[in-house]
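Enquirer: I am attaching a structure below and will ask some questions about it afterwards.
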Amino acid sequence: MSTEPVSTEPHSERSFDELVREADEADVSGWDFSWFEGRATELRPSWGYQRLLAERLNAGGATLDLQTGGGEVLAGALRMAGRPPGMSAATEAYPPNVLKATRLLHPLGTTVVAAPDEPPFPFADGAFDLVTSRHPVKAHFAEIARVLAPGGTYFAQHVGPASVFELVEYFLGPQPEEVRRGRHPQDERAEAEAAGLHVLDLRLERLRMEFHDIGAVVHFLRKVIWMVPGFTVDAYLPQLRALDEQIRSEGPFVAHSTRFLIEARKGRD
C-alpha cells in the first residue's frame, strides 16, 4: 500500500455497489499492492526489509526464499543487489502465484519450486547459506534450520501479533487473548532457538493503516485471506454496508499492522 496521504474524492463519489463490485472482481494474486494506490495507506517499517535483503543477497552463496508469493519482493531485492546470486530458489504453494513468480524470477536467475508451505521442504540438509521470507504464514524453524548450512542465516520480516485486528474484530468480534498473542516475536524467538538458531536481531513495530473506501477493505480481505477466513462480500454484506456509511461520514477506517524483523544464524557445530 502507499505510504503517502491520498485524495479519496474520486472514490467517495462512487456508490457502494460500484466500489464493492470493482474490488470483488479485481485480481488478488501475488503481493503487488499497487491496486490500493489512492485508496489505502500503510506505513512501512523503519528498517527497510527489501534493502536489507538486497545487502544479504549481495554476499553471494545459495539462497532460498520461502512463500515468495508472486516474487515481487524478492525480484526487487535481486535487482537492487550489486551482483547476481549464486544458486537461488524460491517456493510458493498457490498455483496462480507460482506462475507469476516464475515469470518474474526466472529471468533473474531464480528457480521457483511449487511446494506446500508445510514441511518437509523439498531440499537437502544444509543446502542454503541464506533462507529468507517476507510475511510467511508460519515459520517452520526446525525445517529452516535443517536446510541451512552451518553458519547460514535466516532473515525475514514476519507479521506480528494482533495485526490489523481493528478490521478483524469489526467483522468477527472480540478475539480471545491467545489469538491476539499469536505470532508474538518472543514466542518465535523461543521456537527459533529451540531449533538450534541463534537470534541476532529482533525488532517489532506497530504501523498505522487507513482504508479510504469500502472497496479497499474488500480487496484487502480477499487478498490477505487469513484475516477473516472465508470472507466473501455476500457473507458480510450488512457489515460492509455499515462500514461504508461509517467511512463516508467519519473518514478513513484506521487500523494498525504489526511487523517484526528477525535474523538468526545456525551454529557451525
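The sequence shown begins at 1 in UniProt numbering and counts up one residue at a time.
For glycine and all other residues, C-beta sits at the position ideal for the given N, C-alpha and C.
(1) For E177 and P185, what's the separation of their Cα atoms in angstroms?
(2) Would you decide whether A190 is buried or exposed? Buried here means 16 or more other CB atoms lie within 10 Å of its CB.
(3) Near G86, which residues of its chain fall below 6 Å by C-beta distance, leaving aside the five closest residues on each side in sequence?
(4) Please confirm whether E210 and T41 have their CB atoms less than 8 Å apart.
(5) By how many angstroms is the C-alpha of L261 removed from the C-alpha of L197?
(6) In chain order, which beta strand (DSSP E) runs of at least 3 residues are fully inside the stretch 87 to 120?
(7) Check whether the stretch 131 to 142 touches the stretch 95 to 113, counting contact only when three or more Cβ pairs, one atom from each stretch, lie closer than 8 Å.
(8) Run through DSSP, which three-state label would H212 get?
(9) In this structure, how does DSSP classify Y49 when only helix, strand and coil are distinguished?
(10) Kindly give me the distance between the Cβ atoms of R156 and A139, rounded to whole angstroms, as I take these residues to be in contact under 8 Å.
(11) Count the other C-beta atoms from every protein chain shown that fall within 10 angstroms of the C-beta of M90, then say buried if there are 16 or more, exposed otherwise.
(12) Can you check which of these residues, Y154, H219 and A101, is closest to D201 by C-alpha distance?
Expert: The answer reads as follows:
(1) Those two C-alpha atoms are separated by around 15 Å.
(2) So A190 counts as exposed.
(3) G60, G61 and A62, listed in sequence order.
(4) Yes, these two residues count as a Cβ contact at 8 Å.
(5) Cα to Cα, L197 sits roughly 15 Å from L261.
(6) The qualifying runs are 88 to 92 and 110 to 114.
(7) Output reads no: the stretch 95 to 113 does not touch the stretch 131 to 142.
(8) In this structure, H212 counts as coil in the three-state DSSP scheme.
(9) Correct three-state label for Y49: helix.
(10) Reading off the sequence shown, one finds Ala at residue 156, where the question assumed Arg. In this structure A156 is in contact with A139, their Cβ atoms being roughly 7 Å apart against a cut-off of 8 Å.
(11) The question names Met, but residue 90 in the sequence shown is Ala. Its Cβ being crowded by 16 or more others within 10 Å, A90 is buried.
(12) Ranking the options by Cα distance to D201, first place goes to Y154.
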